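Residue numbers (the working numbering): 7 to 218.
Quick reminder that beta carbons are idealized off the backbone N, C-alpha and C, glycines included.
The structure presented is a predicted model; accordingly, all values stated were derived computationally and were not measured.
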């Protein structure tokens with residue numbers, strides 16, 4: 007499988023599953039595939055934690071099960087039949103999807119819009135990482151989702167999707183000069199009267215700047 011630089015499309019993501027870049031422990035459902043992302047599914051157990059953490063040079067499982075960290079986990083919560091996650095608590099859920107990415111493909115994760123509307127704080131972590139929601143190029147290993155309800159308890163179950171994954175191949179950013187050239191051909195910003203904003207009124211600074 008070869009991919010052009012940029013974000014992988016739903017067709018690419020289906021190919022990535024067939025090629026083993028994305029390795030689900032249960033067959034993926036069609037509704038998981040979005041135009042440029044894949045919905046990630048909760049696994050069968052959640053670990054209630056005393057606090058959030060990043061594994062840095064360790065694996066997540068080492069942090070969860072290591073004798074030196076046995077005070078990190080408060081409880082194991084089965085999700086097969088559904089469970090209620092309490093407001094203000096932090097949970098870590100191994101996801102049903104794991105990755106075996108090629109060296110030039112990396113990933114990013116973000117919450118689904120419905121997750122944000124429910125005020126549930128979520129972020130993905132991987133083995134040996136110093137950052138949330140960033141998956142390094144060539145990563146091979148499990149994915150875990152930190153879940154923390156902020157406003158009220160929420161009911162979740164194994165197979166539920168709270169976050170989505172985007173895979174990116176090669177360089178994906180544009181220079182300001184290239185973005186300005188694209189803007190000349192296909193304007194991207196309009197004023198309140200649906201008129202195109204002229205280029206001289208548009209601000210570029212490592213991207214296209216706009217205010218609402």
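If you draw a 10 Å sphere on the C-beta of residue 169, you find 16 or more other C-beta atoms in it, and that means buried.
Within the same chain, and ignoring the five residues on either side of residue 87 in sequence, the residues whose Cβ sits closer than 8 Å to its Cβ are 163. The beta carbon of residue 106 is closer than 7 Å to those of 26, 27, 29, 146 in its chain, skipping five residues each way along the sequence. Residue 47 is positioned such that its CB atom lies closer than 8 Å to that of residue 166.
Rounded to whole angstroms, the gap between the alpha carbons of residue 19 and residue 176 is 16 Å.
Around the beta carbon of residue 156, a 10 Å sphere encloses fewer than 16 other beta carbons of the protein chains shown; the residue is thus reported as exposed.
The DSSP-derived three-state label of residue 122 is helix.
Per the coordinates, the alpha-carbon of residue 53 lies some 16 Å from the alpha-carbon of residue 126.
For the 8 Å CB-CB criterion, residue 85 and residue 51 form a contact.
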